[in-house]
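Following: one structure in structure tokens, then a few remarks.
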Amino acid sequence: MLINNWTVRTYIFVLFLSIPCFTFSQNNKNISPKDTLSNTLYNDLKVKALGDSIQSAIGNYDTKKYLSYFSEKEFNKLVKNQTEKEATNKAFYKGMLSGMSEAFKNIPNKIISELKDNGYYDFVNYRYDDIEQTYYILFRLYTNAGLNYHDYRVKKNKKTKAYEFVDIYVYLTGEAFSDTLSRLMNFALIGYEADNKNTVAKQDFINLERAIKANQLGDSKRAYNMMNKIKSDISKDKFFLILKSLMAVNINEEIYLKSLEELLEYHGNDPTVYLNKIDYYLLKNMNYEAIECVEKLKKITEDDFLNYSKANIAYLDKNYQVALDNYKYIVDNYDGFFEAQSSYLAVLCILEHNDEAISYLNSLIKEYDKDELITYLEEVDENGENVFKNFIKTNSYKNWKTSK
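Residue numbers are given in the working numbering: position 194 of the sequence shown equals residue 202, and the series is strictly consecutive.
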């Protein structure tokens with residue numbers, strides 16, 4: 009609700025829970041073909057327009073419009089480049105490829121459902137990648153579960169000349185969505201084509217499928233236990249361990265911390281696990297290290313919204329002036345973001361800057377109903393606490409409350 013309620017929250021947002029079976033393949037890096045878009049002002053404008061169009065489609069809950077900017081053909085090429093040689097049963101493979109493509113198409117529905125639950129999906133910026141020779145468009149997803157980023161890879165359609173996206177790099181998993189689906193397909197193919205049902209590959213496939221189904225049914229503990237039965241090399245795979253932590257977070261903090269420790273044991277030096285590291289450091293009360301991770305992520309994304317994460321961590325560390333400064337930045341630059349507004353007000357009250365708090369309340373009643381703000385300030389949270397308890401006893405507040 010506001011920062012006095014702030015608890016350690018996972019930054020996990022997984023796009024693939026609707027896929028019936030997850031699959032993994034070790035060391036299967038996607039070597040992307042160069043898209044040969046030049047770094048020019050004209051292309052800059054076209055790419056920015058594409059980013060604006062994606063934002064508009066999501067904001068209007070228009071799945072069809074969103075998918076009109078997606079090149080299914082190019083996406084399927086990326087997946088097929090990594091999977092086709094593994095398939096001997098072509099009919100099974102073709103059906104699976106179609107299913108994976110449909111999974112990608114379900115992405116906007118999942119994003120829109122988060123927006124309807126008070127989430128945010130914002131076009132942050134775009135950049136040119138000299139190695140890939142193409143553009144990427146960065147979006148930030150902020151939900152009740154936390155934070156994630158999607159990096160859209162752009163390509164120009166040779167026939168229509170339209171600028172489209174062909175893949176999405178998901179910050180949480182540290183890889184492109186095509187890579188993730190490719191590993192899913194490869195492991196499924198191994199499981200499907202194994203002659204002996206008692207082979208390790210076949211049993212791992214069965215256990216993983218059971219884990220996913222259990223998690224979908226809300227039985228996170230059973231899902232986590234099924235994941236622990238998998239002992240082959242895939243159990244050390246980054247995506248596998250991230251998926252395992254997603255299940256663990258719904259059990260308790262102790263098991264979640266254990267899952268993060270396992271992830272960092274094998275992938276601690278991987279620069280793509282910053283989001284997971286932030287949770288780990290917060291659970292360990294290593295707030296300085298958590299701030300360092302946020303700063304590194306901010307340098308990569310160039311996203312000033314991460315000042316909000318810095319503010320929350322500073323608050324946890326009782327470094328209230330740093331928290332206040334960062335909340336103020338967010339309040340000034342992100343209109344109507346009530347979580348930041350209420351947190352900024354709370355820190356003003358903790359620091360006993362009562363005159364500033366009253367002045368800020370007067371600005372808030374231009375956006376919100378005064379009676380609702382009063383209720384908000386005076387109610388206790390689910391833990392029976394109220395960060396404003398001293399402030400609402402002051403004459404300054406009482407006078408403001410009764411003023412017309």
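Backbone N, C-alpha and C define an ideal beta-carbon position, used for all residues, glycine too.
With contacts defined as CB atoms closer than 7 Å, Ser109 and Glu80 qualify as a contacting pair. If you look at Thr151, you'll find it in the beta strand (DSSP E) that goes Thr142 to Thr151.
Rounded to whole angstroms, the gap between the alpha carbons of Asp187 and Glu273 is 22 Å. Exposed is the label assigned to Gly344, since fewer than 16 other Cβ atoms lie within 10 Å of its Cβ.
In the DSSP assignment, Gly154 falls within the unbroken beta strand (DSSP E) covering Gly154 to Lys164. Under DSSP, no beta-bridge partner is assigned to Tyr282.
Judged by their CB atoms, Thr142 and Leu254 are not nearer to each other than the 7 Å cut-off. Here Ala256 has Tyr232, Ile263, Tyr264 and Ser267 as same chain residues with Cβ atoms under 6 Å from its own Cβ, once five neighbours each way along the sequence are excluded. In the structure shown, Phe195 falls within a helical segment according to DSSP collapsed to helix, strand and coil. When Tyr128, Asn391, Gly127 and Leu146 are compared, the shortest CA-CA separation from Arg135 is found for Leu146. In the structure shown, Val55 falls within a helical segment according to DSSP collapsed to helix, strand and coil. In the three-state DSSP reduction, Tyr136 falls in the strand class (E or B). The DSSP-derived three-state label of Asp379 is helix.
CA-CA distance, Ser76 to Lys164, rounds to 13 Å. DSSP, reduced to helix, strand and coil, places Ala256 within a helical segment of the structure shown. Cβ-Cβ distances below 7 Å link Lys409 to Ile382 in the same chain, with the five nearest sequence neighbours on each side left out; the list follows chain order.
In the structure shown, Val302 adopts helical secondary structure according to DSSP, grouped into three states. In this structure, DSSP gives Ala184 an extended state, which the three-state scheme calls strand. Bridge pairing for Ile250: absent [DSSP]. Residue state for Tyr328 is assigned as helix, using DSSP reduced to three classes. By the neighbour-count definition (other C-beta atoms within 10 Å, threshold 16), Gln329 is an exposed residue. In this structure the region 169-181 touches the region 144-158; the number of beta carbon pairs closer than 8 Å is three or more.
Nearest neighbour of Lys73 by Cα position, chosen from Leu53, Gly103 and Ile120, turns out to be Ile120. Here DSSP, grouped into helix, strand and coil, assigns Val388 to coil.
A Cβ-Cβ separation of about 13 Å leaves Ile321 out of contact with Ile338 under the 8 Å criterion. By the Cβ-count criterion, Tyr323 is buried, with 16 or more other Cβ atoms from all chains shown falling within 10 Å of its own Cβ. Leu290 has its alpha-carbon roughly 28 Å from the corresponding atom of Phe399.
Just so you know, the alpha carbons of Lys326 and Tyr288 end up roughly 19 Å apart. Looking at Asn152, Asn47 and Gln90, the one whose alpha-carbon comes closest to that of Ile139 is Asn47. Here Ile176 is bridged, per DSSP, to Tyr160.
DSSP places Asp130 within a strand segment (E or B) once states are collapsed to three. The C-alpha of Asn236 lies about 47 Å from the C-alpha of Leu359. In this structure, Val395 keeps its C-beta atom at 7 Å or more from the C-beta atom of Ala348.
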